[in-house]
Each structure stands twice: as C-alpha cells, then as structure tokens.
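Trainee: Residue numbers (the numbering used here), protein chains in the order written: chain D, 723 to 965; chain F, 723 to 965; chain P, 723 to 965; chain Y, 723 to 965; chain R, 723 to 965; chain V, 723 to 965. Once you've had a glance at the structure underneath, I'll fire off some questions.
Protein chains: 6
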Amino acid sequence: MRIQVINPNTSAAMTRAIADAAGAAASADTTVTATQPEAGPPSVEGHYDEAMAVPGVLARVREGEEAGVDGHVVACFGDPGLLAARELACGPVVGIAEAAMHMASLIASRFAVVTTLARTRGMAARLVDEYGMTRRCCAIRATDIPVLELEEPGAEAHRGIAAECRRALADDGAQAIVLGCAGMADLPSRLSRELGVPVIDGVSAAVKLVESLVSLGLATGKTGELAYPVAKTYSGAMHKHSP
Amino acid sequence: MRIQVINPNTSAAMTRAIADAAGAAASADTTVTATQPEAGPPSVEGHYDEAMAVPGVLARVREGEEAGVDGHVVACFGDPGLLAARELACGPVVGIAEAAMHMASLIASRFAVVTTLARTRGMAARLVDEYGMTRRCCAIRATDIPVLELEEPGAEAHRGIAAECRRALADDGAQAIVLGCAGMADLPSRLSRELGVPVIDGVSAAVKLVESLVSLGLATGKTGELAYPVAKTYSGAMHKHSP
Amino acid sequence: MRIQVINPNTSAAMTRAIADAAGAAASADTTVTATQPEAGPPSVEGHYDEAMAVPGVLARVREGEEAGVDGHVVACFGDPGLLAARELACGPVVGIAEAAMHMASLIASRFAVVTTLARTRGMAARLVDEYGMTRRCCAIRATDIPVLELEEPGAEAHRGIAAECRRALADDGAQAIVLGCAGMADLPSRLSRELGVPVIDGVSAAVKLVESLVSLGLATGKTGELAYPVAKTYSGAMHKHSP
Amino acid sequence: MRIQVINPNTSAAMTRAIADAAGAAASADTTVTATQPEAGPPSVEGHYDEAMAVPGVLARVREGEEAGVDGHVVACFGDPGLLAARELACGPVVGIAEAAMHMASLIASRFAVVTTLARTRGMAARLVDEYGMTRRCCAIRATDIPVLELEEPGAEAHRGIAAECRRALADDGAQAIVLGCAGMADLPSRLSRELGVPVIDGVSAAVKLVESLVSLGLATGKTGELAYPVAKTYSGAMHKHSP
Amino acid sequence: MRIQVINPNTSAAMTRAIADAAGAAASADTTVTATQPEAGPPSVEGHYDEAMAVPGVLARVREGEEAGVDGHVVACFGDPGLLAARELACGPVVGIAEAAMHMASLIASRFAVVTTLARTRGMAARLVDEYGMTRRCCAIRATDIPVLELEEPGAEAHRGIAAECRRALADDGAQAIVLGCAGMADLPSRLSRELGVPVIDGVSAAVKLVESLVSLGLATGKTGELAYPVAKTYSGAMHKHSP
Amino acid sequence: MRIQVINPNTSAAMTRAIADAAGAAASADTTVTATQPEAGPPSVEGHYDEAMAVPGVLARVREGEEAGVDGHVVACFGDPGLLAARELACGPVVGIAEAAMHMASLIASRFAVVTTLARTRGMAARLVDEYGMTRRCCAIRATDIPVLELEEPGAEAHRGIAAECRRALADDGAQAIVLGCAGMADLPSRLSRELGVPVIDGVSAAVKLVESLVSLGLATGKTGELAYPVAKTYSGAMHKHSP
C-alpha cells in the first residue's frame, strides 16, 4: 500500500520529521511518501496562512492520485483543504487533527489539545466542534511556541509543552493529550512516559487510519457533497488546477 | 464610504449582477466596487472550487485594503476565505451567507435556504451550524440549477426556484427564504411578492451590514484568532501573497 | 425613514441617553423617536420587572405603528417583549441584545458580555442561547452596578466596567466586548480606545439593523409564529390592549 | 397543603375545567384553588396574548402568596410568566408544559406534543429547547383547533386530536403524547385507552410536582437569577404591581 | 400504593439509610420496601461496579413486579440499569439522578452536583447530558469521600461535603445543590439550613415522582424502545434471568 | 499482536461469522480470537438483553487480559459494557458501533445506520449522540429482521437490508451506510457494489482500530473515569467477578 503524507507548509525539516513519524507508524508493507507544496507558507499559523497553503496541498493530492497512491494524510493540525482533498481523491484522505481526536476518543473520556501559538486555539476549537468532540475535548492549551521552533525543539520547548500538558491533567481533568501540531510528531512516547497518560500524535494516527480504510476497501463516498469536482476550466494562473 | 464586493468566481456577468444588487442596496454616500479574482474557477460548486477561489479573493482583499476601502463583502454563499480575509483586512469583512442568515433571524423564527446544486447543501449546512442558526434554519433545499445558468435566468430557472421556495413554506414551516447563491441577487423582490414572505439576498444584506459596522466604527478585533497574519515570506509562486 | 426606539423602563434620563446614542448612530435621513412606557418599572433588573415592563413597551409599539414608523428598537438588554412586538408590528423590530450579539459575531470569534447586576447574567445567558451565540459568547460578566447608577456614571462606574472588560480579555479570551445594558450606550468609543478591542453598544447596533432591514424592504414574516395577533377582545383593564 | 392553579386566560369555563383536572390529581390533604386573571386575553394564542396575560398571572401569584398558599401552577402550555412568578413566590411554581415534559421523559424515550393552533408550535419548540427536551421531543403537532373550542370539545375536536396523536405514533416514533393545551386536561384517560400509549396532561402533572416539592421542603433558590424582585416603585398604572 | 426502592449495592447499612429517607418522603398511604441485590458490589464507584450491580437490580425489579409493586426507584446516582428496568416493569421506574436533576430544574436555573469519588464525575456528566441538563448543571464537584464512608458520616465527611457545596455556590453560580450519592440521603435538610439554598436528595425526589406517576395512572410507554423484553431463553447461569 | 473479539450474545453461529469477518480484516501478524459469554442472551435486542449480556462480556475481557491479549473488540452494535471493559483492560477496547461511526465520519459527510429491530433504533440513537455523530448520522433505519435470522441470511433478508439502504441514500442524503448489527458482518462488499456507496461493518472496522491503537502504543488512559476498578470484594454469586 502507498500512502502520501502531505506537510502543508514548505519547511523541508518539518517534512522530514513528519516522514519519520509516518514511517515509524506505517506497517511493513506500506510505503509512505512525504511531500510538501511547491510553493507557499513556511508555517501555518492562522487562517490566511492556511488558505494560501491549500492550493499547494491539493496539487500534491492530485499528483499523488496520478501516481497511484492509495490514500493521503494532510499533516497540519488545522486539517487544511481536507474536504477539497476528499473531493479530488479516489482513496481516503485523513487529516491529523481528526485522526488524533478520533483515536483519543477511543481511549479517554476527556482529552486536551496542546498546541503552539495561542491564536491557533480558535482554529482547533472549530475542528473540535466539526468533529463532534465538544464533550470529549476538555481544553485547548497553547504553549506560544512558534511552529518552526519545533523543527529542532530544545529542552526549553519540550519543557514548555510538558508543563502545559501537566496543567491539562491537573486543572482540566484530561485523561489523554492530543498534540496540536505536526511538528510535535517526535514527542509522544517521551511525553507519555513523563506524564503517565496516553499522548497522541496525529501524523502516526492518521497513517494508521488511512491504512485501515484502504485495507477495508473503504474510500470517500462519491454520491453527494464529496463527489469529484464538477469538470470546468479555471482561468488564468489557476488554469493548471482545473478539475 | 467605500465598500469592495468580491465575487469569488471569475464570471464577469455574475460580477455585474452582484454589482447591481450591491449598488441598489448601498446608501447614497457609499461607493461600491465589485470585483472578481484575476484567475480561478468560473463558478464555485464544491469544496475544491472554493479552495481554489480563495487565493484570488484574498488578493482582492489586499488590493482593496491598499486602495483604502472601508470594508469588504465576500459574495459567494459558501463565504469562502472569510476568516482569512478578516485577518488581512483592517475594516470589517462580511460574507453573504452569514449576512443573509443573521438578517433572516431578525425577521423570522424559521427560515429555509434555497440553493443551486444539491452537492452544495452540505456546505450550507456547515455554515448554518457555524453561525449558530441550527434552530432557525428549517431546511436547505436545492434546485439543481447550475450556478452559471443563473447569469441569465430564464423563466424556467425562476419557476424552479419559486417551486422549491413554496415547498419550504408548505412542508418545512419556513417563514422566510434565504437565497443560497449570489447569482440569485436579482430575484428577491419578485419572489417575495409571489410568495408572500420575506426573501433575503445575501449580497444586499452584506452591503448593509458592512455599512452599519463601518458607520459604527466597528471592525474585526485584532487581539486573538483574527489578528493580522504573522509576517513571513511565502516561497515560490506564492511569494506575492506573503503577508 | 422613521424609527422608534423604546426604552422599556420609565427613567426619562435613560431615555434621553438612549435617544442620544440612537440619534448619533442613525443615518442623516432617519428620524429617531425615543420613548418609554407610560407606566412601569423604573429599571429592569429581573424577570418580574421585565414582565411588568412589557405591556408598556407593546403599547408604544402599537402607537408607533399607528403613527406610521418604519421600524422599532427595543432598548433593554433582555430584549423584553421582542416576539410579541414582532407579531404586532408591520415593520421590523430589533432588540439591542440580539443586535449587539449579531454584530459582534461579524467581527470577533469570541466576545464577552459585560452587564450590570449579577442576577441578570442568567437572563443574558438565555439570550445567548436563543440567538445561537453559545460558541461565540465566552463569558457574561457582571459589574454589580445597579442600572440607574448608569444614568450618570461617574468615574467609579466607568472604572468598574473597564476592569470587568479587561478580565474578559485576559481570562476569557474575548476579542470584543458587548455592553449588556442600554444605560451603557455612551461608553463604547472611550472603552474601545482604552481596551484596544471593539466595544459594541446594542442601541446603535439595533438602529443600524432596523435601518438596514427597512431599506432592503424586509420585515417580519407574517405567515407563522409571528403573524399578527389573533383578533379578540381582552377583558377588564386590559381591554385597551386588545389586538 | 394549599396549591393555587392559575389559568392565564380569562375563560371561566376553562378555569373550571382546569380546576376539575387539578382537583382530581391532588392528594386528599391538598386544597386546590383555581383562579384566573382579573383582566386580560380570553385565550393565549401567540406571544402578544401571552405578554398581556402575564401581569394578571403575576397579580394572582402575589395574592396567593399573601393568602399563604404553598405553591403555584401556571396552567397554560406556554408557561407564561414562569420565571417572574418564581422570583415573586416563596414556594415552588411549576408550569404545565415543563411538568408534562419532565414527566414524559420519565416514561418514554421519545414523546410528541399535540397542541392547538399551528402558530403556537414555535412557542412549544422554544420550551422544548429551554427544558432540555430536544432529544426527547420527536414532534410538535398542531390540530388547528382554537383554544376556546376546547371549552366544550365535541366529537370532532376529539377526533382531530386523536388523529394527530396517531400520526405522531406512526410517523414520528412517539412513545407517549404530551397534550399541549390546558384546555385538553379532560382528555388523557380516554385518549390513552384509545391510543395504547401514555397521554400526559400538564395540569395534573404540575399539581403532583408542586405537591412533591412542597412535601420535600423544596422551593425556588433565592440566591441568584430567581431571587425576590429588587424592591422599587413602579410608576403610573403599574404602581400596584411594584415589588 | 407500594413502591420498591432498590439500593444497587449490597451494603445493608446503606439500604437502611435509603429506606429511612424514602419512608420519610413517602405519603401516608404509600408503602415503601427497600431492597438490595442478593449478590454484587458493596459499592458502585465506576462503570465496572455498575455493570456488575445491574443484574441484581433487575432481579429485584422482576421480583417486585411479581409481588405487585406499583413502581420502582433505582437508588444509586448512576441510575444503573434504568432503561432495562423500564423495559421489565409494568409501572414507572425512576432513577435518583434523574429525579434529583428534574426536581432541581424546577427550582433553580443552575444547580451543581456534589458527589463522592472524582472518578464518578464522568458518570454524572453523562447523565447530565442524557437528561438534557447541560445548561442547568453548572458544576459536578467531587469530595473524594468513598461511598461507604457515608454509611456513618462523621463530622469530617459532612464538613467536606459542605465545603464543596460552598465552592459550587461561590465559584460556579449554583442556586441549588444536587447530592450525587444515595448515601447522602440524610443530609439535605441540615445542609440546606447551613447553605441557605435548596439541597436535593435523589431518593426522596424519586419516591415523590413515582408516587406522582402512579397516582396519575402513568407508566412507561410500551410501544417502542422500552417495550417488554423480547421473550427468549438465556443460556447457562443466566437462564433464571430469561425475560 | 493478539486481539480478542467478543460476541456479546451466545449464538455460536454468529460468533463464527464475526470471527470470519474479524479474521479477514486483521493484518497478517494479528491473531484474532473470537469468543462469546459462557451464559446469557442468545441475541441482544433491547436494554434488558444488553444488561444481562454485559457480565459475560466482562468475564471474557478479564480472561483475555489474563491470557495476555493486546486489545479487545466488543462485537454488538450497542457497544455493551464498553466503558466497564475499558476500566478492566490494560490495552485498548473498541466497540463496533463506535468503530463504524468513526470510520464513516472519515469518508462521508452524512451516513445512515441500517439496523435490525425497530426497537433498537433508540439504542443506536443514544450512541450516535454519545459519539458526537449527531450532525453526521442522517438516519437510523430498521429492517425489522430479528438478529438471529442474520445467522444465515437468505435472499429476503438481504433484499430487505438493501432496500432500506436505498431509502437512506435517496431520502436521507446518506453518502455511506453503517451496518447496525454484528450479524451483518458478511454483507458490506456485496452491498457496496450494489449501492455504489461505502458500506461499513463495525467488526472489521473495530479490528483495524484496535490494531492501530496497539501498534501506536496507545491504550485507555488510567488516571480518571476509566482507571482500573477500585479493588473490593463482591458478595454471593458475583464474588468471582470481584475486581
């Protein structure tokens, strides 16, 4: 099985870290390809960044489809372009935020999301609601560490994240932690040991969910909202993106 | 006051129709400029179309800001790029779906949305939820008329829309109709006469709301989720969009 | 256009303050008339006060209708009698709580209401829910300043309100403030400057919404819940209120 | 124990019917007094009627308090003035809509409300939501029988109500019926036999709930939203209602 | 009337305390029988305990039915086996959590649940949601007193509970307290005097609700989800429980 | 990896069918053991059946734990005993209803559940709500085929299920089908071909989710609601179940 993991930002270091996490999670007979948009924001830290990252993500989805991959992971905690990607792809597409939250809901009554910049808490809150996790997600906590500092997180970033997790356990009643950034994909096992609770990284969770769907023969239903895009010709510089 | 109304698709005929509706709604001392993306989908009929329309919408928002407009209307019923546009703009930005629904909630306990293609019903349902209108919106009905047939709606399109509205009144208990496409902006007064209930077009509603906000000195709060985008350099072909 | 703004309490000083705020918000070609019930509570600080204020409000709505006004504003943050007034009136009727909240939702992801007595917080919470603002309203904070002390707010009242607003920004993540009392109608611009976030007064917001609805030719739908009252004769002292 | 049952409309025939239902439900050692406002609407069929009935209801509550009754029932399915009555009274106050719905939720997973005029369905829907019954109430059906025709319901009214109940059982999956009008208080036992499901009348349900609360020593909490009204002097014709 | 009150745990001391509370609440012409499972957990402090207590509870329901009781109370705050008991019984079955919450909602806008072990807070939260009390229940607070220490609560347990109640009043805005354990059935009157707010014990509340339902001739609707169990033969050691 | 799949009823034929579906879904290096309670109901068709099936399910969970299995699947669409099993087990426990719904939400905006007896629709509705799937699940349809007729479904049962699925697609807007009974585990591929939409069986979905969780090193968080049961001695015949 071939799964394409798309890092929506253009940081090659983060793509490598995501590739590592995805590869470690994948089954022996799964080939994971990690990629990133040709052009776009170096990090996604708001709605504008996200909107500008999406066309590059969708171009990668299309290329993956043409290359015959079996499924896709969108590896940014805002799940940017997820529904558009589902329209475009034949196989399943899973976002890391939804993957992490669904997995968390199977092992905890209440979980907390620990994310990067405070301004992205609102974005996470919208996803919690969209995915039906309102009663499960007891807190969305921000560390105010910029995304790209996670490329090579030093002791301080790790300490900041762990401290915020501890607050979620003590003050919010969280029984599990969802890491709210693809850049944290290398942290769960160490954090889990330190904290004594499950810590969930969306990249590896999404890889397992795509593998599961593919092996069950399941893919996006194509009869309604998520049908293939209506064929039409886009104008100007967007012509190449015409569905 | 200067308001920029952005048609997210590239149909010049629809931009003209939107300009007419916006101009008719605007106060005497408001200058309305209608515009459309330089490149992109000729119509927005799904999540993929929407994602590919958004960069062009945001580019127009930025140009409008540089030209000193006081506020913006995003004139497609999916409100594409709305939150990103709010980050980018100094003044208020209002989408036509939210405008129509908020207005409808002031004059009816229950309203129905009557839209174009059946596949866009899911998109409308997400907005109904996002805007807190779940208890107010009693139905989302589709006419299955493609968006661009509304450019010059003949008698048949009109009849189809009116028939769906009548079903919403009789079967769903709607007390008002929200038209679910910017391309229907010329229909409300005639439909309202025929149906005997208020019929709300989002383009004119949004123009009035932007005028209202600007005249009250109100604009997007810039202290949290909707703060200006974090300054950074986008790579490659997206460089020009760097915030 | 003629708009009647009804202060549900019998404080003439507050009616004057409301008239000032409404007049300042109104367009040049709008005539605002501010009025108050002939008899009733001097301030509305609970459900009983509200119930006893409503007949006087509705009498003013009827008189306004007979005098040919185009729309009405109910200028008390509990929106007392709003649905009954919508039944009675031909044109639109807007309450200041709904006006402020709808406007706030257009410029902020999360807003806080800052109100007067703690006991009225429950009333505000019901409206937040009724208007679909549960996910948007992050806090309802009380200053415990009695309504009528706002007639001539001294430095202390202002400081108390500002302090509560600051807590809403720092502790609750509010990005905008909704002032929860018509008696605060003169505060928004000064508070907004001090706090650095949008501050919304319902009186001016409601005036703009009524103006918008009237200019769009929109009024309460009369086919269902909000149809004109069923004609009947009320008995005894209520005879004069017969619909 | 003394319980006052207040019919919010001024129909003496309906007050007698309510008195009969209340008396039949009351325990041997409970004295039920049925009353109606001195002045007001002969029937409550909309928000305006309701608003104008409330002052008369509250006057009766006050008189009952002065006469030393132990609790009150508000006997109109809109529960008019309920929260204001709770502020005013020392003992418990229960509305017939809330009583019927709470009781229904103890004996059925899903119940339907069968009411009178179609326009009052919206009022019932607001109460369903207010009382947390959204998942329990599967339908609100109207018979379009005016309230006062229920004073002396002939075979036709009975047949109309029974037919609507049958639709609720067959089409909506209702397992119990809540009768949505105090004027239907004499119907439950006969209807229940005909339909083979529990049929709940709010008047008798509310009497039992007030008896239960009083005998448990429970009454409205007076520390927050429902504290006694703030002492103040109402002006003009409302002076007599001053709290 | 005969009501059977079932203590789901096997503590005879707690059954006696429950019998006392139930007897004190019952009307003169009601006979209350308190019972407990023949075998099972000595206390219910989690989902596993609850699951293992339920067969014993249901056996008692069946025995009560055979003995001709008119209704049942399930006297553990998790309402274990409630829906299964409703299927089995001819008359009404009421749980103490639902009883306490419904009663609380009639006398307070916001109530808090004060319970025993912290781990049972999640169980209470599920019931709050199930019973439609999300907007009414402002807090679920745990004292971390094990259930069986309540058999003979000393001054310390009482102080711990009272302290948690005070926090609910001061910090959460509770206007009434719901006691979250059948073992607290002797506390409400003393606590209510100390705290100055209504304090509700579910055992006595449930007794009154069963009495009310029985006297109104109401029992579980048997046409859908809660119909009598489908007749079938259970295998092995469960044979005796065959419906 | 070793996964135990527990059929909560005592039908050996159904256990075999479940074993087949589970085995077909499992990865090459996963050993699936299918089991059923020693004693209990031959089918689960209501709350009473479910309550009586749970102790046998939990006994199997304990035996599996002692035998060192890595995770468990509860293979009945009501997910009976799920939370108790999570308390008891060291590794993850997944129910087939939650598994199917979470998977469905990844590939469809709206799905329908097609189940057996009409009376179990209420049970499914509770799970839809519990799992946050209210906006995703557009219908719960019953075929009124008894569970055990699915042991060897003939052409008629298949036709009945397919017909109900078609109604869900045409009338409810479903984009995918969730099969609401473990006894339907052999149907998805054939049905999916016939219907042209994804059809999801919970048994295979749950096996993949347990595999995924185990391979990610994730298991139930043990710090709160789902901690191991409190050690205590159960009395009488339940002694053997003491935690």
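Note that CB positions come from ideal geometry on N, CA and C, so glycine has one too. Predicted, not measured: the structure shown is a model, and the values here were computed from it.
Sort out for me which residues DSSP pairs L938/Y with in a bridge.
Mentor: In the fourth sequence, counting from the first residue as 1, residue 938/Y sits at position 216. L938/Y is not bridged to any residue.
Trainee: Give the single residue among R857/D, A879/D and V815/D whose Cα lies nearest to the Cα of T838/D.
Mentor: Numbered from 1 along the first sequence, position 116 holds the residue referred to as residue 838/D. Checked all of R857/D, A879/D and V815/D; the closest Cα to T838/D is A879/D.
Trainee: Going by the beta-carbon positions, is the gap between A677/V and P965/V smaller than 8 Å?
Mentor: Outside the shown range of chain V, which is 723 to 965, sits residue 677/V, and nothing can be said about it.
Trainee: What does G851/Y touch in chain F if you count any residue whose Cβ is under 8 Å from its own?
Mentor: Here residue 851/Y refers to the residue found at position 129 when the fourth sequence is read from its first residue. Note that residue 851/Y is Asp in the sequence shown here, rather than Gly. What D851/Y touches in chain F: R857.
Trainee: In whole angstroms, give me the CA-to-CA distance for Y853/F and M855/P.
Mentor: Taking the first residue of the second sequence as 1, we reach residue 853/F at position 131. Taking the first residue of the third sequence as 1, we reach residue 855/P at position 133. Y853/F and M855/P: Cα-Cα distance of roughly 8 Å.
Trainee: Give, in chain order, every unbroken run of the beta strand (DSSP E) that is at least 3 residues long and sits entirely within the stretch 851-936 of chain P.
Mentor: Listed in chain order, the complete beta strand (DSSP E) runs (minimum 3 residues) inside the stretch 851-936 of chain P are 859-864, 898-901 and 921-923.
Trainee: If the cut is a Cβ gap below 9 Å, which residues of chain D does G762/F touch?
Mentor: The residue you call residue 762/F lines up with position 40 of the second sequence. Within 9 Å Cβ-Cβ: Y956, S957, G958, A959, M960 and H963.
Trainee: Quick check on T737/Y: does DSSP put it in helix, strand or coil?
Mentor: As a first step, residue 737/Y must be located in the fourth sequence, where it is residue number 15. Helix at T737/Y.
Trainee: Look at the alpha carbon of S827/D and the alpha carbon of D893/V, and state the distance between them as a whole number of angstroms.
Mentor: The residue you call residue 827/D lines up with position 105 of the first sequence. The residue you call residue 893/V lines up with position 171 of the sixth sequence. Whole-angstrom Cα-Cα distance: 31 Å.
Trainee: For T945/Y and V783/Y, what's the separation of their Cα atoms in angstroms?
Mentor: In the fourth sequence, residue 945/Y corresponds to position 223, counting from 1. In the fourth sequence, residue 783/Y corresponds to position 61, counting from 1. Approximately 20 Å between the Cα atoms of the pair.
Trainee: Per DSSP, which residues does V835/F bridge with? Please list them.
Mentor: Within the second sequence, the letter at position 113 stands for residue 835/F. According to DSSP, which records beta bridges pairwise, V835/F is partnered with I862/F and V900/F.
Trainee: Identify the contact partners of G844/V in chain Y, using a Cβ-Cβ distance below 8 Å as the criterion.
Mentor: Position 122 of the sixth sequence holds residue 844/V. Going along chain Y in sequence order, the residues near G844/V (Cβ under 8 Å) are S831 and R832.
Trainee: Of the residues K962/Y, S926/Y and A834/Y, which one's Cα is nearest the Cα of V795/Y?
Mentor: Here residue 795/Y is taken as the residue at index 73 of the fourth sequence, counted from 1. The shortest C-alpha separation from V795/Y is found at S926/Y.
Trainee: Please tell me whether P814/R and V929/R are closer than 8 Å, where the distance is taken between their beta carbons.
Mentor: Translated into the one-based positions of the fifth sequence, residue 814/R becomes position 92. Translated into the one-based positions of the fifth sequence, residue 929/R becomes position 207. No.
Trainee: Taking 8 Å as the cut-off, decide whether the C-beta atoms of A775/D and A761/F are in contact.
Mentor: Mapped onto the first sequence, residue 775/D falls at position 53. Mapped onto the second sequence, residue 761/F falls at position 39. Against a cut-off of 8 Å, the Cβ pair of A761/F and A775/D comes out as no contact.
Trainee: Less than 8 Å separating the beta-carbons of D765/P and E947/F?
Mentor: The residue given as residue 765/P occupies position 43 in the third sequence. The residue given as residue 947/F occupies position 225 in the second sequence. Checking the sequence, you will find Ser at residue 765/P rather than Asp. It is not a contact, given that the beta carbons lie outside the stated cut-off.
Trainee: Thinking C-beta only, is Q758/V closer than 8 Å to A781/V?
Mentor: By 1-based counting over the sixth sequence, the position of residue 781/V is 59. By 1-based counting over the sixth sequence, the position of residue 758/V is 36. Not a contact, by the Cβ cut-off of 8 Å.
Trainee: Per DSSP, what kind of secondary structure is V766/V in: helix, strand or coil?
Mentor: Taking the first residue of the sixth sequence as 1, we reach residue 766/V at position 44. In the structure shown, V766/V sits in coil (DSSP, three-state: anything other than H, G, I, E or B).
Trainee: Can you give me the Cβ contacts of M845/P inside the same chain, cut-off strictly under 6 Å, excluding the 5 residues immediately before and after it?
Mentor: Counted from its first residue, the third sequence places residue 845/P at position 123. If we look at M845/P and ignore the five residues flanking it on each side, its Cβ neighbours are G800.
Trainee: Taking the alpha-carbon positions, what's the D771/P to G895/Y distance?
Mentor: Against the third sequence, residue 771/P aligns to sequence position 49. Against the fourth sequence, residue 895/Y aligns to sequence position 173. C-alpha separation (whole angstroms): 42 Å.
Trainee: Taking 8 Å as the CB-CB cut-off, is D771/V touching chain R?
Mentor: Taking the sixth sequence and counting its residues from 1, one reaches residue 771/V at position 49. Output row for D771/V: interface = yes.
Trainee: Pop quiz: G969/R and L804/R are said to be a contact at Cβ under 8 Å. What is the actual Cβ separation, rounded to whole angstroms?
Mentor: This structure cannot settle anything about residue 969/R, because the visible part of chain R is limited to 723 through 965.
Trainee: Cβ of H824/D less than 8 Å from any chain V Cβ?
Mentor: On the first sequence, position 102 is the one that residue 824/D refers to. By this cut-off, H824/D is an interface position.
Trainee: Going straight from the alpha carbon of I871/D to that of A821/D, what length do you get?
Mentor: Taking the first residue of the first sequence as 1, we reach residue 871/D at position 149. Taking the first residue of the first sequence as 1, we reach residue 821/D at position 99. This sequence places Glu at residue 871/D; Ile is not what is there. The alpha-carbon atoms of E871/D and A821/D are separated by roughly 24 Å.
Trainee: Is it the case that the Cβ atoms of G939/R and V919/Y are separated by a distance below 8 Å?
Mentor: In the fifth sequence, counting from the first residue as 1, residue 939/R sits at position 217. In the fourth sequence, counting from the first residue as 1, residue 919/Y sits at position 197. Taking 8 Å as the Cβ cut-off, G939/R and V919/Y do not qualify as a contacting pair.
Trainee: Run through DSSP, which three-state label would A756/Y get?
Mentor: Your numbering for residue 756/Y matches position 34 in the fourth sequence. It is a strand residue.
Trainee: Can you give the Cα-Cα distance for E785/F and G778/F, rounded to whole angstroms?
Mentor: Translated into positions along the second sequence, residue 785/F becomes position 63. Translated into positions along the second sequence, residue 778/F becomes position 56. E785/F and G778/F: Cα-Cα distance of roughly 11 Å.
Trainee: Hey, G882/D and A904/D: beta-carbon distance below 8 Å or not?
Mentor: Start at 1 with the first residue of the first sequence, and residue 882/D comes out as number 160. Start at 1 with the first residue of the first sequence, and residue 904/D comes out as number 182. Their beta carbons are not under 8 Å apart, which means G882/D does not touch A904/D by this criterion.
Trainee: For the alpha helix (DSSP H) containing R808/D, name the first residue and the last one.
Mentor: Here the question's residue 808/D lines up with position 86 in the first sequence. L804 to L810 is the span of the alpha helix (DSSP H), which, as asked, contains R808/D.
Trainee: Does G817/V come out as helix, strand or coil in the three-state DSSP assignment?
Mentor: Indexing the sixth sequence from 1 puts residue 817/V at position 95. Strand.
Trainee: For V727/P, does the three-state DSSP call read helix, strand or coil?
Mentor: Reading the third sequence from its first residue, position 5 is the one you call residue 727/P. Strand at V727/P.
Trainee: Using a Cβ-Cβ distance under 8 Å, would V835/R count as near chain Y?
Mentor: Counting from one through the fifth sequence, the residue named residue 835/R turns up at place 113. Answer no: the Cβ-Cβ gap between V835/R and chain Y never drops below 8 Å.
Trainee: Determine the contact status of P730/Y and G768/P, defining contact as a CB-CB distance below 8 Å.
Mentor: Taking the first residue of the fourth sequence as position 1, residue 730/Y is located at position 8. Taking the first residue of the third sequence as position 1, residue 768/P is located at position 46. Against a cut-off of 8 Å, the Cβ pair of G768/P and P730/Y comes out as no contact.
Trainee: Determine, for Q897/V, whether the minimum Cβ-Cβ distance to residues of chain D falls below 8 Å.
Mentor: As a working note, residue 897/V is residue 175 in the sixth sequence. True, the Cβ-Cβ gap to chain D drops below 8 Å.
Trainee: Out of L917/D, D866/D, D908/D and P910/D, state which residue places its alpha-carbon closest to the alpha-carbon of L891/D.
Mentor: The residue labelled residue 891/D in the question sits at position 169 within the first sequence. The candidate whose alpha carbon is nearest that of L891/D is L917/D.
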